[in-house]
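Only one structure is covered here, and it is reproduced in the block below.
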Ligand code: ZN
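Residue numbers (the working numbering): 1 to 163.
So, in structure tokens, the structure goes:
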């Protein structure tokens, strides 16, 4: 079987930046399972995996535009500290759900604290980063009707889950 749309794919992977620093890895967490063609993974990796077979090893360098996008400095915002709950223990690196001006949910990261202001960054933490994936294809199977309906995989053996 080859990787194509509506296949559920199990991968081993590691992800490094251009300096060779490990960003993420499936090691120690169990294999990574996703539904191909449903944009569960970044486009650059999904495109590189199309047509691969079980056992194939793939190394791919994904540029930001095919990954988590370029950094957008308009997503850096200064907000008054009193927008946060009184007594909230805010520190650099904390992440919050927030609403964008267009009304979409986004995750913002606190990047700087000043006396009565907080600077938050709405960029994805990996925006602007080149992503170097080393991937091994462990398994490929057909997606179930339920997985196709949900738009994501239900684990390596497709077991039911509630949501
Ligand atoms: Zn589901």
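Even for Gly, the Cβ is constructed at its ideal location relative to N, Cα and C.
Note that the structure is predicted; figures quoted are calculated from it, not measured.
request  = Could you have a look at residue 83 and say whether DSSP puts it in helix, strand or coil?
outcome  = helix
Beta-carbon gap between residue 8 and residue 49 smaller than 7 Å = Contact check for residue 8 against residue 49 fails: the beta carbons are separated by 7 Å or more.
task = For residue 54, collect the residues of the same chain with a Cβ closer than 8 Å to its Cβ; drop the 5 residues on either side in sequence, then sort them by chain order.
result = 1, 137, 138, 139 and 140
Where residue 147 falls, given that 16 or more other Cβ within 10 Å makes a residue buried = buried
Beta-bridge partners of residue 105, as assigned by DSSP = By DSSP's assignment, residue 105 forms a beta bridge with 99.
request  = Please classify residue 6: is it buried, with 16 or more other beta-carbons within 10 angstroms of its beta-carbon, or exposed?
outcome  = exposed
Buried/exposed call for residue 10, threshold 16 Cβ in 10 Å = buried
request  = On a CA-only basis, which of 125, 62, 32 and 150 is nearest residue 76? Give me that one, please.
outcome  = 125
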